[in-house]
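See below for the structure under consideration.
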Amino acid sequence: MSIWDRLGDFVARISATAASGVADVVEAVRTIFSGDAELRRRVAFSVAMIALSAKMAKADGIVSQDEIRAFYEIFTVPPQHARDVERLYNIAQQDVAGYEIYAQRMARLCGSGHPNCGMLEDILDGLFHIAKADGMMHQREGTFLHHVSQIFRIEEGHYQTILARHLDLGETDPYRVLGIEPGQPFEDVRKHYRKLVANNHPDRLIARGLPEEFIRIATTRIAAINAAYEMIEKGLRHV
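Counting in the working numbering, the final residue of the sequence shown is number 242, and the numbers go up one at a time with none missing.
Here is the structure:
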């Protein structure tokens, strides 16, 4: 059974009005899937992505067609489950609770409790993918993402690495993408690159809770890492 079938079951059991908003959503994830930790992680990830996407759209005030397209690049939703996703999106967007509360609750639901939690980084990557879809990241989106990263306990240096995967930050960009300082010996760069590729392989991400239906997040990240390494390698060969 796909994650969308499970999400449909979940949405069907949320109260019709979701009067308590985020509290209802989080408690429903906890209780409905209490007997299956892996399934709970996968559903929690999906709920967090949908809810925080809705909150980001509300914070920005503008939802472009490019952002809608990017949303559905990450969420390859079968037609029969589109209404379930739309309902959960609307619950989050209409909820009077601010995005900070959603991010805090989702961090507790999905996170490891440690800084730079990989699963929360996956959610942040998905939000970046949507935010940059129209060719630029607006100031409000940037503020939203940075604040969410702080709530997620993503350290500032690591946040800059995530940011560099999505935006051109100048000459140091490929080094930031790999999370290393310029001037490293090429052999050290290569070792670090190979470790990153292994740690971010789609199978590794799925093992830590990334639903298979969201594999676009993993493949996009690997593409950015590969491009950065190739740029560094090309530059060092010309030295």
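Beta carbons: idealized from backbone N, C-alpha and C, even for Gly.
Original post:
What's the C-alpha gap between A221 and A230?
Top reply: Taking the first residue of the sequence shown as 1, we reach residue 221 at position 218. Taking the first residue of the sequence shown as 1, we reach residue 230 at position 227. Looking at the two C-alpha atoms, the distance is approximately 14 Å.
Original post:
Between R168 and L91, what straight-line distance do the alpha-carbon atoms span, to the nearest angstrom?
Top reply: As a position in the sequence shown, residue 168 is number 165, starting the count at 1. As a position in the sequence shown, residue 91 is number 88, starting the count at 1. If you take the alpha carbons of R168 and L91, they lie about 29 Å apart.
Original post:
According to DSSP, is D8 helix, strand or coil?
Top reply: Locating residue 8 in the sequence shown gives position 5, counting from the first residue. Of the three classes helix, strand and coil, the one that applies to D8 here is helix, per DSSP.
Original post:
If you drop the 5 nearest sequence neighbours on each side, which residues of the same chain put their C-beta closer than 7 Å to that of R211?
Top reply: Within the sequence shown, numbered from 1, the residue matching residue 211 stands at position 208. Same-chain partners within the cutoff: G121, M122.
**OP:** For the region 74–90 and the region 39–53, state whether three or more C-beta atom pairs, one from each stretch, are separated by less than 8 Å.
**Re:** yes
Subject >> N-terminal and C-terminal residue of the alpha helix (DSSP H) that Q83 is part of >> reply: Counting from one through the sequence shown, the residue named residue 83 turns up at place 80. Counting along the chain, Q83 falls outside any alpha helix (DSSP H), and DSSP gives it neither H nor E.
**OP:** Spatial neighbours of G182 within its chain, please: CB distance less than 6 Å, with the 5 preceding and 5 following residues excluded, ordered by chain position.
**Re:** In the sequence shown, the residue the question calls residue 182 occupies position 179. These residues qualify, in order along the chain: T164.
Subject >> Delimiting residues of the alpha helix (DSSP H) encompassing M59 >> reply: Residue 59 sits at position 56 when you count from the first residue of the sequence shown. Run containing M59: 40–63, per the alpha helix (DSSP H) assignment.
Original post:
Quick one: what does DSSP say V99 is sitting in, helix, strand or coil?
Top reply: To locate residue 99, count along the sequence shown from 1; it is residue 96. DSSP places V99 in coil when its eight states are reduced to three.
**OP:** Please go through the same chain and pick out, in chain order, the residues whose beta-carbon is closer than 7 Å to the beta-carbon of F78, but skip the five residues on each side of it.
**Re:** As a position in the sequence shown, residue 78 is number 75, starting the count at 1. Correct list, in chain order: V88.
Original post:
Sorted by chain position, which residues of the same chain lie with C-beta nearer than 7 Å to R9's C-beta, five sequence neighbours on each side aside?
Top reply: Walking along the sequence shown from the start, residue 9 turns up at place 6. Cβ neighbours of R9 beyond the five flanking positions: L42, V46.
Original post:
Alpha carbon to alpha carbon, what distance is there between F189 and Y102?
Top reply: Mapped onto the sequence shown, residue 102 falls at position 99. Mapped onto the sequence shown, residue 189 falls at position 186. Cα to Cα, the separation comes out at about 42 Å.
**OP:** Flag this pair as yes or no: are the beta carbons of I104 and L127 separated by less than 8 Å?
**Re:** Here residue 104 refers to the residue found at position 101 of the sequence shown. Here residue 127 refers to the residue found at position 124 of the sequence shown. No, the Cβ-Cβ distance between I104 and L127 is not below 8 Å.
**OP:** For I218, I'd like the list of residues in its chain whose CB is within less than 6 Å of its CB, leaving aside the five on either flank, ordered along the chain.
**Re:** As a working mapping, residue 218 is identified with position 215 in the sequence shown. For I218, where only same-chain residues beyond five positions count, the Cβ hits under 6 Å are P205.
Original post:
Rounded to the nearest angstrom, how far is the Cβ of F147 from that of M59, given a contact under 8 Å?
Top reply: Looking up residue 147 in the sequence shown gives position 144. Looking up residue 59 in the sequence shown gives position 56. That pair is a contact at about 5 Å.
Subject >> Reference A57; option with closest CA among S37, F36, A100 >> reply: In the sequence shown, counting from the first residue as 1, residue 57 sits at position 54. The shortest C-alpha separation from A57 is found at A100.
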